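One structure is given below, encoded as C-alpha cells.
In the working numbering, the protein residues as written are 1 to 290.
Take a look at the structure:
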C-alpha cells in the first residue's frame, strides 16, 4: 500500500515538473512563478525519498563554424542549479537549469583563411533540461559504513536552450538574428542533447562534490549566426546587416565574401561545452534506496 501511494506521489511530481518546463519557456514573464511552483511541489516529498539538490559553477565553450578544432576552449562562464531524484545507487534523473556565455572570433584563429573571414559572435545561453546520470560504481552518500563514496559517471539527456547571437561593430552591439546575415530565419530556441562524464565524491554526510565535462549537441547551426553561403549585399536594406554579413575587408579594404561562396562550415549543427565543479546535498532518511 505504501509503495502504491509513493508511486502516485512520484507521478504527481513528474507531471508538475513537465508543467514547469512548459511554463518556463512558453511564458517568460511567469518564470519566477513557475520556479516557485516547482519548489512547492517538491518540498512536501523531499524527505520521503532520496532527493538531491545542488549547484554547478564553471566555464562554457563552443565548437562550431568559428571554432572547428579546439574541442575544449572556454569562452565564458557557466552556472547550473538542479533537483535530482536518485532511484538507486546507480541511476538518477535531474531537472537542470543552466546559464552560460559562449563566443567565437576568427581574429584569434590559427588559420589564415579564418582570420581573413573576420567574423565574430557572442551569445548568452539559457538551458532547461532533463539529464539522466549513470554511476559505474555503487554510490551511497551518507552510508554508515562509509563505503561506496566515490564513482565515475556518465550522463545523457534532452532539453531546450534559448540563444541570441550578437556581434560588436563600430562600438555597438547588434543582435544578429533579425539582420538575417545569410538571408535565413532561425528560431531563438533550440533542442539540445547534453552528454558527458565526470566523477563524484561524497566527502561528508550528505554533501557531495563532482567534477564534470560534457557537450550539448544543438539542433541548429546558427548558435554563431554562421552556417551556409554569402549572399549579395544588394539583398540588404540595412547597411549594418550588409556590413556584418561580410567583414573580411574591415582591415584590408578587400572583401572576399563572393555571393554563393562558403561562409560557414556547412555541417548542420553547433555544439557547446560545460566544464566545472558541482556541490550538492542529498536528503537522506531511513527509507532511502540503499
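Glycine included, each C-beta is placed from N, C-alpha and C at the ideal position.
From a predicted model like this one, the values you see are computed outputs, not experimental measurements.
Can you have a look at residue i and say buried or exposed, based on whether 16 or more other CB atoms are within 10 angstroms of its CB?
i	result
residue 95	buried
residue 4	Because the pLDDT of residue 4 is 44, which lies under 50, any placement of that residue in the model is unreliable, and the number read from its coordinates should be weighed accordingly. With fewer than 16 other Cβ atoms within 10 Å, it is exposed.
residue 88	exposed
residue 102	buried
residue 165	buried
residue 194	buried
residue 267	exposed
residue 141	buried
residue 189	exposed
residue 149	buried
residue 110	exposed
residue 224	buried
residue 250	exposed
residue 56	buried
Residue i and residue j look like a contact to me (Cβ under 8 Å); what is the Cβ gap, rounded to whole Å?
i	j	result
residue 218	residue 192	5 Å
residue 58	residue 104	Going by Cβ atoms, the distance from residue 58 to residue 104 rounds to 18 Å, so no, they are not a contact pair.
residue 277	residue 209	7 Å
Does any residue of chain C bring its CB to less than 8 Å from the CB of residue i?
i	result
residue 218	Going by chain labels, chain C is absent from the structure shown, which holds only one protein chain.
Only counting the same chain, and skipping five residues up and downstream in sequence, which positions put a Cβ closer than 7 Å to that of residue i?
i	result
residue 73	61, 67
residue 134	90, 91, 153, 154
residue 106	66, 114, 115, 117, 118, 119, 120
residue 265	65, 68
residue 235	183
At the level of alpha carbons, what is the spacing between residue i and residue j?
i	j	result
residue 123	residue 197	25 Å
residue 279	residue 243	45 Å
residue 115	residue 108	7 Å
residue 283	residue 273	29 Å
residue 275	residue 214	7 Å
residue 146	residue 138	12 Å
residue 160	residue 54	20 Å
residue 247	residue 129	36 Å
residue 17	residue 50	Residue confidence is low: residue 17 scores 46 on pLDDT, short of 50, so the model does not pin down where it sits. Its coordinate-derived value is still stated next. Cα-Cα distance, rounded: 17 Å.
residue 270	residue 205	40 Å
residue 176	residue 162	14 Å
residue 180	residue 252	25 Å
residue 93	residue 281	15 Å
residue 174	residue 83	36 Å
residue 203	residue 143	12 Å
residue 240	residue 70	30 Å
residue 52	residue 201	14 Å
residue 263	residue 112	15 Å
In its own chain, which residues sit with a C-beta less than 8 Å from the C-beta of residue i, not counting the 5 before and 5 after it?
i	result
residue 184	222, 227, 228
residue 99	78, 79, 80, 124, 125, 126, 127
residue 187	220
residue 261	229, 230
For residue i, which residues of its own chain have a beta-carbon under 6 Å away from its beta-carbon, when the five flanking residues on both sides are left out?
i	result
residue 343	Residue 343 lies beyond the range of the chain shown here (1 to 290); nothing can be said about it.
residue 313	Residue 313 lies beyond the residue range present for the chain, which begins at 1 and ends at 290; the question has no answer from this structure.
residue 245	181
residue 131	94, 96, 155, 157, 194
residue 199	152, 211
residue 216	192, 194, 272
* Asked: In chain order, which continuous runs of the alpha helix (DSSP H) of length 4 or greater are located wholly inside the stretch 190-273?
  -> Every alpha helix (DSSP H) stretch that sits fully inside the stretch 190-273 and reaches 4 residues is listed by chain position as 239-245.
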